[in-house]
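Residues in the sequence shown are numbered from 2 upward in steps of one, following the numbering used here. Glycine included, C-beta positions come from ideal geometry on N, C-alpha and C. This report concerns only the one structure given below.
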Amino acid sequence: MSESPAAESSSPERPVVGILGAGRAGTAFARTLLAAGVDVDICSTRSPRALQHHLKIYAPGTAPVWPEEIAVRTRQVGPGIVILAIPQEELDDVDPQWVSGTVLVDATNTWQDELLPGWLEAAIAEQLPTSMAIAGHFGRARVVKALNHISHHDVDKEAQPDMPLSQRRAVAVAADDEEARGLVMGLLVRMGFDPVSVGALAAGRIMEPDGPLFNRPLRRDDILRYAR
Ligand SMILES: NC(=O)c1ccc[n+]([C@@H]2O[C@H](COP(=O)([O-])OP(=O)(O)OC[C@H]3O[C@@H](n4cnc5c(N)ncnc54)[C@H](OP(=O)(O)O)[C@@H]3O)[C@@H](O)[C@H]2O)c1
2 MSESPAAESS SPERPVVGIL GAGRAGTAFA RTLLAAGVDV DICSTRSPRA LQHHLKIYAP
62 GTAPVWPEEI AVRTRQVGPG IVILAIPQEE LDDVDPQWVS GTVLVDATNT WQDELLPGWL
122 EAAIAEQLPT SMAIAGHFGR ARVVKALNHI SHHDVDKEAQ PDMPLSQRRA VAVAADDEEA
182 RGLVMGLLVR MGFDPVSVGA LAAGRIMEPD GPLFNRPLRR DDILRYAR
């Protein structure tokens, strides 16, 4: 495998974010980031070359890379953020080394019938929030739970960077690392949302599919009602 062109170049003017997964969620995040002036490196199970046509349609302007390159430019240029947007059943195909040292935004959810990795099944059986298990698995990344509870339709429709924060769609953020939380909240503001901290990573439970925040059109006060 040779490095894709995106991984070799860097633009000093624009920040770069990596997105693991180029499906419904990944491409919606990518479109919103691009519109906000953030460059995007993105990958799927396909080679960068094979992904090009798909991206021309769903996220034009993004740079396809190999999965192992997903954090290269965001580490170099900043802000060192990778968004995890692949089905949880595929998580064992992601080498934790690829995202080592990054702020890893866990945008994933657990769905019935998915054949989950054993470590994730075990955590769920113990009633642990999935982001805690993901943080344990990707031990060298600083995991922040965000963007999982808003649908890709709403990401496209409701990201409104020109509106005052109080009039924007509110989105929850859970993290144990304050600096990582701050970086992600800054990115979400830039994308056009009103990010609201709900507390530690364990509080990410309220953002999961059976929780009170999931897929609801929220404002700041709605989220704060549930925050710890
Ligand atoms: N859909 C939403 O509205 C939404 C919103 C927020 C969060 N989420 C969450 O985001 C996750 C993905 O959902 P989705 O709806 O975007 O799924 P999707 O449309 O099926 O897309 C999944 C993407 O992940 C890629 N992928 C799978 N395994 C991979 C690997 N090992 N390395 C790199 N890429 C890999 C797939 O690649 P190929 O294209 O090559 O198969 C595909 O591009 C889920 O956990 C979901 O709950 C979804």
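*Proximity test, T103 beta-carbon vs ligand 1 heavy atom, cut-off 7 Å*: no
*DSSP three-state call for S152: helix, strand or coil?*
coil
*asked:* Measuring only the C-alpha atoms, how far is D93 from L121?
replied: 10 Å
*Can you say whether D211 is buried or exposed, counting buried as having 16 or more other CB atoms within 10 angstroms of its CB?*
exposed
*Please name the residue in A31, L189 and A173 whose C-alpha comes closest to that of R231.*
Because residue 231 is not part of the residues shown, which for the chain are 2 to 229, the question remains open.
*By a C-beta neighbour count over all protein chains shown, 10 Å radius and 16 as the cutoff for buried, is K158 buried or exposed?*
exposed
_8 Å CB neighbourhood of G102 in its chain, flanking five on each side removed_ = A72, R76, G81, R141 and A142
*Output yes or no for whether 8 Å exceeds the beta carbon distance between L56 and E90.*
no
*For S167, which three-state DSSP category applies?*
helix
_Are there any heavy atoms of ligand 1 lying less than 7 Å away from the beta-carbon of E70, as far as the coordinates show?_
no
_beta strand (DSSP E) segment containing S198, residue limits_ = D195 to G200
_Any contact between the region 181-201 and the region 222-229? By contact I mean 3 or more CB pairs, one from each, below 8 Å._
yes
*Using beta-carbon positions only, say whether T63 and L85 come within less than 8 Å of one another.*
no
*Proximal residues to A60 (C-beta, below 6 Å), its chain only, five neighbours per side dropped*: T28, A31 and R32
*Got a sec, what are the start and stop residues for the alpha helix (DSSP H) L188 sits in?*
E179 to M192
*Cβ pair A176, V145 closer than 8 Å*: yes
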